[in-house]
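There are 2 protein chains.
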Amino acid sequence: MRILDSARELFAEKGFERTTIRAVAAAASVDPALVMQYFGSKRELFSQAVKVVPAPLTATDTDELVDQLLASLGLKLGGLPEGALAMMRSMLTDQAAADHVRVSLGRQIDSVGAALPAAEDPQLRAALVVTALLGVTIGHQLLGVTALREVPADHIAALLRPAIKVLAGPPG
Amino acid sequence: MRILDSARELFAEKGFERTTIRAVAAAASVDPALVMQYFGSKRELFSQAVKVVPAPLTATDTDELVDQLLASLGLKLGGLPEGALAMMRSMLTDQAAADHVRVSLGRQIDSVGAALPAAEDPQLRAALVVTALLGVTIGHQLLGVTALREVPADHIAALLRPAIKVLAGPPG
DNA sequence: CCATTCGCTCAACACTTGTTGACCCAATCA
DNA sequence: TGATTGGGTCAACAAGTGTTGAGCGAATGG
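Chains as they are written, first to last, in our numbering: chain A, 1 to 172; chain B, 1 to 172.
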């Protein structure tokens with residue numbers, strides 16, 4: 001739907017707070033009241049707009065796991081779906097978004113921790129892997145750090161891979 | 001000053017947008033108009049409140065560099081100054097904060113890139129090191145990722161160190 | 001042909017925000 | 001004592017917000 005697309009785009013660009021119903025409506029060439037009629041509230045519009053199904057991690061060996069992680073954080077070809085960007089954009093300033101991201105990352109960390117070679121602190125190592133990748137994604141997609149702009153995602157992935165494997169634990 | 005302390009605290013907790021002059025004034029037991037009289041505008045109050053002098057990187061060898069990086073991103077004892085947290089909290093949703101962080105990270109990346117062993121892509125590797133650490137800090141300090149809470153900063157630093165060295169490039 | 005529904009729009013409400021100008025009141029000074 | 005200054009407060013403004021309820025016009029159904 002046109003409204004959801006405009007909403008997703010604006011939420012990804014400006015975050016929850018700074019995106020107004022009126023702006024979404026204007027971007028979709030529609031009356032603000034219509035947005036309310038369809039979605040009931042700004043929060044609900046946000047929820048619908050950012051809805052994204054996280055691909056579950058199905059990897060068994062570490063190599064595959066790293067690749068799936070890189071992909072799920074947009075560090076391989078294709079980048080992130082705009083809904084995920086919208087969620088990330090708001091996660092530091094919106095309680096609901098923060099909660100969602102926290103449990104979402106938590107789940108991912110649990111998966112990764114379970115899949116890690118039985119090093120010490122698998123849960124902690126997993127958390128570091130995931131948050132480190134999150135940081136790269138933020139710098140790349142949300143902050144536009146200049147040294148990362150225009151760098152193809154695979155190149156980034158290639159440089160990250162060995163470091164992640166070290167962080168994941170002693171080679172099993 | 002009491003106003004600046006309250007402002008810093010609130011900015012760090014809620015970000016620029018969601019922190020109101022009235023809330024800052026109330027927290028400092030002061031009239032909102034007085035805050036304006038002292039600082040002229042909310043933006044200026046923010047600037048003064050988050051002002052923080054980034055410790056320059058003076059390291060020569062990689063080990064020392066990594067330690068300084070960990071420290072400057074709050075991953076060693078002491079955590080980050082509240083002003084830095086406030087800046088980071090707002091960086092995804094406030095243009096001015098985003099600009100500030102981008103150039104600040106850019107500077108840090110340049111320093112790190114210059115100090116790296118002459119691997120290929122030193123600038124890019126430096127950017128990945130810095131943003132990865134940024135991500136861990138966000139997860140730890142701003143998002144409260146459960147697997148990272150209550151973990152002493154040195155422990156985190158210890159696990160990160162080897163991975164960072166790998167990411168920084170082939171051992172010189 | 002009239003009544004009714006349904007998608008949509010308009011204008012407005014209630015509230016919050018940053019910001020300002022008039023004002024007050026105690027201390028200073030002549 | 002009387003005038004003046006200066007730190008501090010009060011009430012208000014103008015703009016922007018999410019949200020709502022009355023109403024419009026066209027399609028639908030009898």
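Cβ coordinates follow ideal geometry from the N, Cα and C atoms, glycine included. The structure presented is a predicted model; accordingly, all values stated were derived computationally and were not measured.
Residue of the options minimising C-alpha distance to residue i
i	options	result
B/L160	A/G79, A/V50, A/R125, A/E120	A/R125
A/V145	B/E150, B/L134, B/A147	B/L134
A/L116	A/Q48, A/L69, A/R2	A/L69
B/A168	B/A153, B/E120, B/S47	B/E120
B/Q95	B/S29, B/R43, B/I21	B/R43
B/G83	B/L4, B/V166, B/I164, B/P170	B/L4
B/M175	B/Q123, B/P122, B/H140, B/I21	The question about residue 175 of chain B has no answer here: the residues shown for chain B are numbered 1 through 172.
B/D110	B/D154, B/T58, B/T93, B/V50	B/T58
A/L52	A/R22, A/E64, A/A86	Looking at the sequence shown, residue 52 of chain A is not Leu but Val. That would be A/A86, whose Cα lies nearest to the Cα of A/V52.
B/A153	B/A71, B/R107, B/A163	B/A71
B/E150	A/A127, A/V66, A/V50, A/A26	A/A127
B/S47	B/F11, B/L65, B/T93	B/F11
A/L148	B/L65, B/A23, B/F39, B/P122	B/P122
A/A157	B/E64, B/V129, B/A158, B/A157	B/V129
Range covered by the alpha helix (DSSP H) that runs through residue i
i	result
A/K76	Premise fails: A/K76 is in no alpha helix (DSSP H) and is neither H nor E.
A/A55	No alpha helix (DSSP H) holds A/A55; DSSP gives it neither H nor E.
B/Q95	95-115
Straight-line Cα distance separating residue j from residue i
i	j	result
A/F16	B/P81	27 Å
B/L143	A/A33	34 Å
A/T62	A/A118	11 Å
B/G78	A/S29	51 Å
A/T131	A/H100	15 Å
B/P56	B/V103	14 Å
B/M1	A/L75	44 Å
B/T137	B/L73	7 Å
B/I164	B/V66	7 Å
A/A26	A/S6	9 Å
B/V20	B/K14	Per the sequence shown, the amino acid found at residue 20 of chain B is Thr instead of Val. Computed Cα separation, rounded: 10 Å.
A/Q108	B/P54	33 Å
A/M36	B/M36	36 Å
B/V50	A/E64	42 Å
B/E9	B/V24	9 Å
A/G40	B/V112	49 Å
B/H155	B/Y38	43 Å
B/D31	A/V166	54 Å
B/T60	B/L92	32 Å
B/G172	B/P162	Unreliable placement is indicated for B/G172, whose pLDDT of 49 sits below 50; the coordinate value is still reported in the next sentence. Roughly 14 Å separates the two Cα atoms.
B/S90	B/A98	7 Å
A/R22	B/L45	29 Å
A/A114	A/R18	38 Å
Backbone secondary structure at residue i - three-state DSSP
i	result
A/A33	helix
A/A87	Residue identity check: residue 87 of chain A is Met in the sequence provided, not Ala. Looking at A/M87 - three-state DSSP - the assignment turns out to be helix.
A/G172	The predicted position of A/G172 is uncertain, since its pLDDT is 48 and thus under 50; a value taken from the coordinates is nonetheless stated next. Three-state result, A/G172: coil.
B/E150	coil
A/D121	coil
A/G260	A question about residue 260 of chain A goes unanswered here, because the residues of chain A that appear run from 1 up to 172.
A/D61	coil
B/V166	helix
A/G144	coil
B/L92	coil
B/A12	helix
A/T19	coil
A/A157	helix
B/A27	helix
A/A7	helix
(request) Compile a chain-ordered list of the residues in the region 43-56 of chain A whose CB is closer than 8 Å to at least one CB of chain B. (result) none
(request) Note down, in chain order, all residues in the region 129-142 of chain B with a beta-carbon under 8 Å from any beta-carbon belonging to chain A. (result) Of all residues in the region 129-142 of chain B, V130, T131, A132, L133, L134, G135, V136, T137, I138, G139, H140, L142 have a Cβ within less than 8 Å of some Cβ in chain A.
(request) Can you give me, in chain order, the residues of the region 112-125 of chain B that have a beta carbon less than 9 Å from any beta carbon in chain A? (result) G113, D121, Q123, L124, R125
(request) Determine which residues of the region 142-164 of chain B have a Cβ less than 8 Å from any Cβ of chain A, and write them out in chain order. (result) L142, L143, G144, V145, T146, A147, L148, V151, H155, I156, L159, L160, P162, A163, I164: these are the residues of the region 142-164 of chain B whose beta carbon lies less than 8 Å from some beta carbon of chain A, given in chain order.
(message) Taking beta-carbon pairs under 9 Å, can you tell me which members of the region 8-23 of chain A lie near chain B?
(response) Those residues of the region 8-23 of chain A that come within reach of chain B (Cβ to Cβ, closer than 9 Å) are K14, G15, F16, E17, R18.
(message) To be precise: take each residue of the region 70-88 of chain A, compare its Cβ to all Cβ atoms of chain B, and keep it if any distance is under 7 Å. Which residues remain?
(response) none
(message) Please identify, using Cβ separations under 8 Å, the residues of the region 86-111 of chain B that lie next to chain A, in order along the chain.
(response) Residues M88, R89, S90, M91, L92, T93, A98, V101, R102, L105, G106, I109.
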